[in-house]
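*Asks:* The structure that follows is given in the form of structure tokens.
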Amino acid sequence: MKKTIAISLSGGIDSLVAGFLLKKKKINLFGIHFTTGYEKNSIDFSNLEKILDIKIYHINLRKIFKESIVTYFIESYLNGKTPNPCLICNKKIKFGALLKAANNLGADFIATGHYAKIKTSKIKQSKHVFLVKGKDSVKDQSYFLSMLEPSQLKKIIFPLGDMTKSEVTELAKNKGLVPPSIKESQDICFIHNKSFYDFISLEQKFKSIHGDIVTLDNKIIGTHKGLYRFTIGQRKGINCPGSAPYYVKKIDIKNNKLIVGFKNDLLQKKFYVKDLNWITKPFFHCSNVKTKIRYNHKEAESVLTYDNNNSATIIFKKSQYAITPGQVAVFYNKDIVLGAGIIQ
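For the sequence shown, the positions run 0 to 343 when numbering that gives the first Met the number 0 is used.
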């Protein structure tokens, strides 16, 4: 019996081309699109149904999106942490609630336009799944998928994993594939053109509490307008004179202080993670891995030591800049994603 695949369609070029490639294989295919309640404009999918010759189902995920993503985003900033909503959205929404909806509609698998690869192999007679970097090193999205569990990965297909963005664009041009939404999706899709602190202020409707900006030796040099406006490594908004520009070193929620230092003060080797998610767990208690501390960070050589409490200590071989609580650290062995954890 043929397997049925649901292609998750955002309205952009990547998911359109992914759907086109699957349709060419003459498999059972239908489209699925979810709404969050935070869309800026509605998208007309009727033409997309004609282009791909499939039915597209629309799934309302507003309630779970607000509860799982928006609330998490706001609470993280209010607690002095910098969230990564895209990773949590992939785990709980796109490959959580949406995958469940696709299964209920009869799909065996869900496909998306992500630039990453999934590989399987047999190890000691059992089948193991691996998350691997995409062919396009610039567009690779394995970082954003690192919180997915093996049980989720077994149900996912990434048709663009072996393509570059330029190849996808060229194919769309040659085949006359015009997506309903020309604009590329943003990193944080639900805040649109607002700053993250303006978004938080509008959602929470509260007055920010001003406090002291202090140096590492506890000297008061200015006043901040709310700690939720800042993240580690930020320079903008400090506006305090010094022998060199100041950057956010630490956010002290308990004492309502913004602690700042010079750029070199933000270099460090050692940090901790919790809430570990292993896709391919290292064989040893202490392992050499490459660690990526944010999406645009080049992963660096490190030693990972984990304990039995789903937490770990990471020590970089060379100091890294602005290791930020709340962000996700992703661990690689060459191109394979081993797992990830939340930076403390």
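A virtual CB, placed ideally from N, CA and C, is assigned to each residue, including glycine.
Assign Ile87 to one of three DSSP states: helix, strand, or coil.
*Replies:* Note: Ile87 maps to helix in three-state DSSP.
*Asks:* Leaving out five residues on either side along the sequence, give the residues of the same chain with a beta carbon under 6 Å from the beta carbon of Gly18.
*Replies:* For Gly18, where only same-chain residues beyond five positions count, the Cβ hits under 6 Å are Ile6, Leu51.
*Asks:* Which residue wins for smallest C-alpha separation from Ile252, given the options His296, Pro324, Phe198?
*Replies:* If we check each option's Cα against that of Ile252, Pro324 comes out closest.
*Asks:* Which residue from Glu202, Ile258, Leu8 puts its Cα closest to that of Lys218?
*Replies:* Minimum Cα distance to Lys218 is reached at Ile258.
*Asks:* Helix, strand or coil: which one does DSSP assign to Leu266?
*Replies:* Residue state, collapsed to three classes: strand.
*Asks:* With a 10 Å radius around its C-beta and 16 neighbouring C-beta atoms as the bar for buried, classify Asp135 as buried or exposed.
*Replies:* Buried, since its Cβ has 16 or more Cβ neighbours within 10 Å.
*Asks:* May I ask which residues mark the beginning and end of the alpha helix (DSSP H) holding Ser286?
*Replies:* Element bounds for Ser286: not the alpha helix (DSSP H) but the beta strand (DSSP E), 285-291.
*Asks:* Based on DSSP bridge pairs, tell me the residues matched to Tyr114.
*Replies:* Tyr114 is not bridged to any residue.
*Asks:* Taking the CB atoms as reference points, tell me whether Val329 and Ala339 lie closer together than 7 Å.
*Replies:* Contact: yes.
*Asks:* Which value, in whole angstroms, describes the spacing of the CA atoms of Phe270 and Leu21?
*Replies:* So the alpha carbons of these two residues sit roughly 43 Å apart.
*Asks:* Between the C-alpha atoms of Leu215 and Gly260, what's the straight-line distance to the nearest angstrom?
*Replies:* C-alpha separation (whole angstroms): 6 Å.
*Asks:* Report the option in Leu201, Ile292, Cys88 whose CA atom is closest to the CA atom of Gly232.
*Replies:* With distances taken between Cα atoms, Gly232 lies closest to Ile292.
*Asks:* For Gly210 versus Lys256, is the C-beta distance shorter than 7 Å?
*Replies:* Yes, Cβ-Cβ distance for Gly210 and Lys256 is below 7 Å.
*Asks:* On the criterion of 16 or more Cβ atoms from any shown chain inside 10 Å, does Thr70 qualify as buried, or is it exposed?
*Replies:* Thr70 is exposed by the Cβ-count criterion.
*Asks:* Could you give the C-beta distance for Leu130 and Ser120, rounded to a whole number, given that I count them as a contact under 8 Å?
*Replies:* Not really, about 13 Å apart at Cβ, beyond 8 Å.
*Asks:* Could you tell me which uninterrupted alpha helix (DSSP H) segments, each at least 4 residues in length, are contained entirely in the stretch 177-244, listed from first to last along the chain?
*Replies:* Runs of the alpha helix (DSSP H) inside the stretch 177-244: 195-203.
*Asks:* What three-state label does DSSP hand Asn59 in the structure shown?
*Replies:* Correct three-state label for Asn59: strand.
*Asks:* Across which residues does DSSP place Ile4 in a beta bridge pair?
*Replies:* Bridge partners of Ile4: Leu28, Phe108.
*Asks:* So, under 8 Å CB-CB, Tyr76 and Pro82 are touching, yes? Tell me the CB distance rounded to an integer number of Å.
*Replies:* That belief holds up - the Cβ atoms of Tyr76 and Pro82 are roughly 7 Å apart, short of 8 Å.
*Asks:* For the putative contact between Asp13 and Val167, defined by C-beta atoms under 8 Å, what is the C-beta separation to the nearest angstrom?
*Replies:* So it is a contact: roughly 6 Å between Cβ atoms.
*Asks:* Taking the beta strand (DSSP E) that Thr312 falls in, what are its first and last residues?
*Replies:* 311-320 is the span of the beta strand (DSSP E), which, as asked, contains Thr312.
*Asks:* Less than 7 Å between the beta carbons of Lys248 and Ser318, yes or no?
*Replies:* Cβ atoms of Lys248 and Ser318: not closer than 7 Å.
*Asks:* In terms of residue numbering, what span does the beta strand (DSSP E) encompassing Ser301 cover?
*Replies:* Unbroken beta strand (DSSP E) run through Ser301: 299-305.
*Asks:* I think Gly30 touches Leu8, with their Cβ atoms under 8 Å apart; what is that distance to the nearest whole Å?
*Replies:* So it is a contact: roughly 5 Å between Cβ atoms.
*Asks:* Check whether the stretch 38-51 touches the stretch 167-179, counting contact only when three or more Cβ pairs, one atom from each stretch, lie closer than 8 Å.
*Replies:* Contact between the stretch 38-51 and the stretch 167-179 is present, because at least three Cβ pairs lie under 8 Å.
*Asks:* Would a C-beta distance cut-off of 7 Å place Val327 and Ile314 closer than the cut-off?
*Replies:* The answer is no: Cβ separation not under 7 Å.
*Asks:* Return the Cβ separation of Leu144 and His113 in integer angstroms, given the expectation that the two are a contact with Cβ distance under 8 Å.
*Replies:* So it is a contact: roughly 7 Å between Cβ atoms.
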